[in-house]
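Heads up, the thing below is written out as structure tokens.
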Amino acid sequence: MRGGPAPEVRIFAVPGIGEVAEGDKVEQLILDALDGAALTLAEADVVVIASKIISKAEGRIIDLASLTPSPRALALAEVTGKEAGFIEAVLTESTEVSRAAPNVLVVRHRLGFTSANAGLDRSNHSGPEQTVLALPLDPDASADAIRSGLEESLGIRLAVVVADTHGRPFRRGNVGVAIGVSGLVALIDKRGDADLYGRVLEATFVPSADQLASAAALVGGEADEGLPVVVVRGAPFQWGQGRAADLVRTPEEDLYRTVQE
Numbered sequence: 050m051r052g053g054p055a056p057e058v059r060i061f062a063v064p065g066i067g068e069v070a071e072g073d074k075v076e077q078l079i080l081d082a083l084d085g086a087a088l089t090l091a092e093a094d095v096v097v098i099a100s101k102i103i104s105k106a107e108g109r110i111i112d113l114a115s116l117t118p119s120p121r122a123l124a125l126a127e128v129t130g131k132e133a134g135f136i137e138a139v140l141t142e143s144t145e146v147s148r149a150a151p152n153v154l155v156v157r158h159r160l161g162f163t164s165a166n167a168g169l170d171r172s173n174h175s176g177p178e179q180t181v182l183a184l185p186l187d188p189d190a191s192a193d194a195i196r197s198g199l200e201e202s203l204g205i206r207l208a209v210v211v212a213d214t215h216g217r218p219f220r221r222g223n224v225g226v227a228i229g230v231s232g233l234v235a236l237i238d239k240r241g242d243a244d245l246y247g248r249v250l251e252a253t254f255v256p257s258a259d260q261l262a263s264a265a266a267l268v269g270g271e272a273d274e275g276l277p278v279v280v281v282r283g284a285p286f287q288w289g290q291g292r293a294a295d296l297v298r299t300p301e302e303d304l305y306r307t308v309q310e
């Protein structure tokens, strides 16, 4: 039997981010909050950032009153009981509808993953009631820009994960997942490695970026905690230029995929 020393992992939130406005530089908000809390980042830290503050900084606000619901949106509104303008916004952020039922609309997002309501959300958003926040246009690019800014300012090597929360089809509750990645391998291929008893692993992939996002959710929360930036220190990961799309099954691999016409 083989083994090794257990990693010592520390997870802490960065307080003091405050309200984010369109045009804000998220990396500067993080640096200011670190200074205000007398915290520092260290070499090989992973900075996990809630997608919502990036969406706010990028102005990803949709005014539902400005949308004209399509016939498809009106039909889905009848099925789900959701407002037609909201459905139209979901469709603009999606490529197909997977499930529609009373109070449920599950879609394939334009970024490739499957989620409820295409990630559109009113929670922790101070805008008018008829507005919703959409996910960042390109979360990987956002993660790249934030990592570059932090590394340039601090002179250390970091990784960044942009996180959102997703439900799961066969289990209750939401978990943190990575929708943007920079500086690390998102999905580690363990095939060919041996287990504790020397058996060769044949189908094992480790979703490292998702694990980091979920770990950060333990302290960041998703209600009124107000802690959208979390640092994971000491967690094992592989440096590299992974992408969030590495974690998404292709439609051909998705055995549970159903497209509703």
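Per the working numbering, the sequence shown starts with residue 50, numbered consecutively. Note that CB positions come from ideal geometry on N, CA and C, so glycine has one too.
With DSSP as the reference, please indicate the residues paired to V255 in a beta bridge.
Here residue 255 is taken as the residue at index 206 of the sequence shown, counted from 1. DSSP output for V255 lists I237 as bridge partner(s).
Look at A315 and R109 and say whether their C-beta atoms are less than 7 Å apart.
This structure leaves residue 315 out entirely; the chain is present only between 50 and 310.
What are the boundary residues of the beta strand (DSSP E) that includes E201?
Here residue 201 corresponds to residue number 152 of the sequence shown, with the count starting at 1. Per DSSP, E201 belongs to no beta strand (DSSP E); it is in the alpha helix (DSSP H), P188 to L203.
Cutoff 6 Å; reference I205; Cβ partners in own chain excluding five residues on either side:
Along the sequence shown, one-based indexing puts residue 205 at 156. Excluding residues within five positions, the ones whose Cβ falls inside 6 Å are E92.
Find the nearest neighbour of L267 within the set S191, A106, A99 and I111, judged by alpha-carbon distance.
As a working mapping, residue 267 is identified with position 218 in the sequence shown. Residue A99 is the option with its Cα nearest to L267.
Please go through the same chain and pick out, in chain order, the residues whose beta-carbon is closer than 6 Å to the beta-carbon of E68, but skip the five residues on each side of it.
The residue labelled residue 68 in the question sits at position 19 within the sequence shown. The answer is none, since no qualifying residue turns up.
For D170: DSSP bridge partner residues:
Position 121 of the sequence shown holds residue 170. Answer is L182, bridged to D170.
Give me the Cα-Cα distance between P300 and A167, rounded to the nearest whole angstrom.
Position 251 of the sequence shown, counted from the first residue, corresponds to residue 300. Position 118 of the sequence shown, counted from the first residue, corresponds to residue 167. So the two alpha carbons sit approximately 17 Å from each other.
Return the CA-CA distance between I103 and P185, expressed in angstroms with no decimal places.
Within the sequence shown, numbered from 1, the residue matching residue 103 stands at position 54. Within the sequence shown, numbered from 1, the residue matching residue 185 stands at position 136. So the alpha carbons of these two residues sit roughly 6 Å apart.
T214 by DSSP, collapsed to three states: which one?
Taking the sequence shown and counting its residues from 1, the one referred to as residue 214 is at position 165. Residue state, collapsed to three classes: strand.
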